[in-house]
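Whatever position you read off the sequence shown (first residue = 1), add 1010 for this note's numbering.
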Amino acid sequence: MDFGKWVSFSLVIIFIYILWQIKQILLLVFTAVVAALILNIIVKKLVDFGLKRGYAVLSSILLLFCVITFFILIIIPSFLEQFQELYNLVPLGIQKLILEVDQFKYNLSSEWANSLPDLEQILLDLQPLLNDLLKRGFIVITGVFGALLSGLLLLALTLMILVDPIPYKDGFIRLFPYFYRSRINDILLRIKIELEEWLADTFIKVISVFILTFLTLLIFNVPLVSAQAFLAACLAFIPYIGSITSVVSPMAISFLYSDWKSWAILIVYLGIYHSIDKIIIPKLRRNRVILIPANVIIGQIIFANFLGVLGLFLAFPLIIITQILIKEILIKDIFDSWKLTEEIKTLNNEELEIINEELKVINEE
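Dropping the structure here:
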């Protein structure tokens, strides 16, 4: 490797190190981009109805402030009391479940009882992991400039990107060499399309989860219906892990009143998530985003480990972006070009051999 390549490699390492040091700010910026994309979908719909983009942007911003005001003044105060009760009831339900499991193990033979896992020990082992995830998530939120300032910064970034996204896009593209800028522009366009498709799928999933879980808990007469349905809708942002976690609360609370309700809710919840993923979204969305489940789970573990609970919530869009970057840049532009270069070299060698043979024939004549 010559001096120029060593310098380029060193600069890449330094650049990656700098990005790692400011990962919290980058996550905040990425959250703003996702929020701007959500609002941009509304802007597109309004433009399709004949409204000019400027008025459409203003309307979407007013809608955003109305939603924020509605949540602050109405939703959050009414839900705080329910979440407090939820916080007190869930541990009681889990404790009763532990007692039932211990009683079940006591009735078994000692050999079978020792082979079963200790549920209480599993929960104790999970607690440090959950605390670590929450701690990292709050570091991302509050460690930058404070909770309030971070929220205002997120809101400001979202609105600036929404109002005039072109300068930010052009500025990012100019960070790359001139010959590669058109290629980066195509990659960014594909990322934008994929993220918009994911947002549409997620919106349908969140609304469906809220409605179906609300009706389910209402039918089974489980307390705190609104809070638990809202919690399930929030956890719907997290594929696989979110659906598993959302069933813990209703199962634990229903276990305090009736054993059979808890298992019935588990079965119904499994049916809800299966029907949403296999029936509702495919019927409404033809161009849905589909990722390999193993890649999603691995990506969730990686982003949650590095970025905390916010990384877990934003894991799916981060996985989409990572997958596109690996496929388009690493595989197509680097690895495939190496293969093409080798083929050209092979062809050139064959052509040189043919020319040499022709020269030998001429010289002999």
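Cβ atoms here follow ideal geometry from the backbone N, Cα and C, with glycine treated the same way.
Computed from a prediction, not measured in an experiment: that's the story for all the values here.
Check: When burial is assigned at 16 or more other CB atoms within 10 Å of the CB, is L1343 buried or exposed?
Finding: Numbered from 1 along the sequence shown, position 333 holds the residue referred to as residue 1343. Reading off the sequence, residue 1343 comes out as Asp, not Leu. D1343 is exposed by the Cβ-count criterion.
Check: Between V1039 and L1266, what straight-line distance do the alpha-carbon atoms span, to the nearest angstrom?
Finding: The residue you call residue 1039 lines up with position 29 of the sequence shown. The residue you call residue 1266 lines up with position 256 of the sequence shown. Straight-line Cα distance between these residues: approximately 43 Å.
Check: Could you give the residue range of the alpha helix (DSSP H) that holds G1318?
Finding: For the purposes of this step, residue 1318 is taken as the residue at position 308 of the sequence shown. From DSSP, G1318 is part of no alpha helix (DSSP H); its letter is neither H nor E.
Item checked: DSSP-derived helix/strand/coil call for N1098 -> For the purposes of this step, residue 1098 is taken as the residue at position 88 of the sequence shown. In the structure shown, N1098 sits in a helix (DSSP, three-state: H, G or I).
Checklist line | Terminal residues of the alpha helix (DSSP H) in which E1207 lies | finding: Stepping through the sequence shown from its first residue, residue 1207 is reached at position 197. From DSSP, the alpha helix (DSSP H) with E1207 extends over 1191-1229.
Next item on the list: Determine the direct distance from the alpha carbon of V1173 to that of K1199, and round the result to whole angstroms.
Entry: As a working mapping, residue 1199 is identified with position 189 in the sequence shown. As a working mapping, residue 1173 is identified with position 163 in the sequence shown. One point to set straight first is that residue 1199 is Leu, not Lys, in the sequence displayed. For L1199 and V1173, the distance between alpha carbons rounds to 18 Å.
Note to self: Less than 8 Å between the beta carbons of L1037 and L1320, yes or no?
What the structure shows: Position 27 of the sequence shown, counted from the start, is the residue given in the question as residue 1037. Position 310 of the sequence shown, counted from the start, is the residue given in the question as residue 1320. Taking a C-beta distance under 8 Å as the contact criterion, L1037 and L1320 qualify as a contact pair.
Next item on the list: Could you spell out where the alpha helix (DSSP H) holding V1299 opens and where it closes?
Entry: For this step, residue 1299 is matched to residue 289 along the sequence shown. First-last for V1299: undefined, no H or E at that position.
Margin query: Closest to K1293 by C-alpha separation, out of G1103, K1215, L1280, T1223, would be which residue?
Written below: As a working note, residue 1293 is residue 283 in the sequence shown. Of the candidates G1103, K1215, L1280, T1223, the one whose C-alpha sits nearest the C-alpha of K1293 is K1215.
Check: Of the residues Y1250, F1247, P1249, I1275, which one's Cα is nearest the Cα of S1259?
Finding: For the purposes of this step, residue 1259 is identified with residue 249 of the sequence shown, where counting begins at 1. Residue I1275 is the option with its Cα nearest to S1259.
Check: What do you reckon, are the CB atoms on L1047 and L1205 nearer than 8 Å?
Finding: Residue numbering aside, residue 1047 sits at position 37 when the sequence shown is read from its first letter. Residue numbering aside, residue 1205 sits at position 195 when the sequence shown is read from its first letter. Here L1047 is near L1205, since their CB atoms are less than 8 Å apart.
Margin query: Checking 8 Å against the spacing of the C-beta atoms, do I1248 and L1317 come in under that value?
Written below: As a position in the sequence shown, residue 1248 is number 238, starting the count at 1. As a position in the sequence shown, residue 1317 is number 307, starting the count at 1. No, they are not a contact pair.
Next item on the list: Give, in chain order, every unbroken run of the alpha helix (DSSP H) that is at least 4 residues long and sits entirely within the stretch 1031-1103.
Entry: 1033-1058, 1063-1080
Notebook entry, point to check: CA-CA distance, I1023 and T1255?
Noted result: As a working note, residue 1023 is residue 13 in the sequence shown. As a working note, residue 1255 is residue 245 in the sequence shown. It is roughly 38 Å from the alpha-carbon of I1023 to the alpha-carbon of T1255.
Note to self: For N1195, which residues in the same chain have their Cβ closer than 7 Å to its Cβ, ignoring the five residues on either side in sequence?
What the structure shows: Here residue 1195 is taken as the residue at index 185 of the sequence shown, counted from 1. Once the five neighbours on either side are set aside, the close Cβ partners of N1195 are I1183.
Note to self: Please report the distance separating the alpha-carbon of V1299 from that of T1041.
What the structure shows: Counting from one through the sequence shown, the residue named residue 1299 turns up at place 289. Counting from one through the sequence shown, the residue named residue 1041 turns up at place 31. Cα to Cα, V1299 sits roughly 19 Å from T1041.
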